[in-house]
Amino acid sequence: MTTTGLYEIGTSEGDDGTMHPVEQLWTPGEDAVENGFLAHHDLRITGIDDPTDDHLYPVAFLVLGHQKWADIIESAAAYMARIHGGRNLDLYPGEDPAVLIPRIPRAVHTHGVFLRHPHPDHDGCGCEWDDTWRMVWAPPTRCGAIPITAMRHPAAPTNAAGIPDPDQIPTATWAT
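With this note's numbering applied, the sequence shown closes on residue 176, and no number is skipped along the way.
Pasting the structure below:
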């Protein structure tokens, strides 16, 4: 899950009228695989959806850390194969192979903040946030921001997932 803009930690009102956080900063580490990331070689990758739509397949990929473009492509193909049974990165599973996709998008080095439900280490509380996280694009100076390499899925619309554009945002750079 992703959103754009500055992040704000969600709150809810308790029975006594006090506001309580419903999420906290999360730094994915060794627990990344248990929380939806796939381990491919030494990389941790996940597919994400556009924050405004609900798609059957990911519109973009996030890899923890700043990684090489070729490694992102390999990891994204492995993600699609393992999670969705897709054999080609340039198509979504079941699409017409005659459809031309001119090129694989470039990967972007950027930063993001991960927000997670505040109590992931115990049995679920039954609320809507249980076992979920969301990621917000952020400048590298923001509290909790970590390096991320992001790439749109080649079959997704160009503006999918709102990945920062290095030609417009100085804190993002093209992956090599």
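All C-beta atoms, glycine included, are put in the ideal place defined by N, C-alpha and C.
From residue i to residue j, what does the alpha carbon distance come to, in whole angstroms?
i, j, result
"residue 88", "residue 64", "23 Å"
"residue 160", "residue 61", "11 Å"
"residue 35", "residue 134", "11 Å"
"residue 20", "residue 47", "30 Å"
"residue 151", "residue 17", "42 Å"
"residue 27", "residue 146", "8 Å"
"residue 174", "residue 13", "42 Å"
"residue 99", "residue 15", "55 Å"
"residue 85", "residue 93", "7 Å"
"residue 115", "residue 176", "28 Å"
"residue 154", "residue 25", "30 Å"
"residue 23", "residue 117", "4 Å"
"residue 30", "residue 148", "16 Å"
"residue 53", "residue 101", "22 Å"
With distances taken Cα to Cα, identify the nearest neighbour of residue i among the options.
i, options, result
"residue 143", "111, 156, 161", "111"
"residue 169", "160, 145, 132, 108", "108"
"residue 39", "79, 157, 98", "79"
"residue 68", "43, 91, 137", "43"
"residue 140", "113, 166, 49", "113"
Return the bridge partner residues of residue i from the DSSP annotation.
i, result
"residue 33", "In the DSSP output, where bridge partners are listed per residue, residue 33 has none listed."
"residue 133", "116"
"residue 38", "45"
"residue 174", "108"
For residue i, does the three-state DSSP call read helix, strand or coil?
i, result
"residue 83", "helix"
"residue 161", "helix"
"residue 120", "For residue 120, the predicted model reports a pLDDT of 48, less than 50, meaning its position is unreliable; a value from the coordinates is still stated below. Correct three-state label for residue 120: coil."
"residue 60", "strand"
"residue 101", "coil"
"residue 71", "helix"
"residue 78", "helix"
I'd like the span of the beta strand (DSSP E) that includes residue i, first residue to last.
i, result
"residue 11", "11–13"
"residue 108", "108–116"
"residue 149", "146–152"
"residue 169", "That residue, residue 169, is in no beta strand (DSSP E); it is neither H nor E in DSSP."
"residue 21", "19–21"
"residue 24", "24–26"
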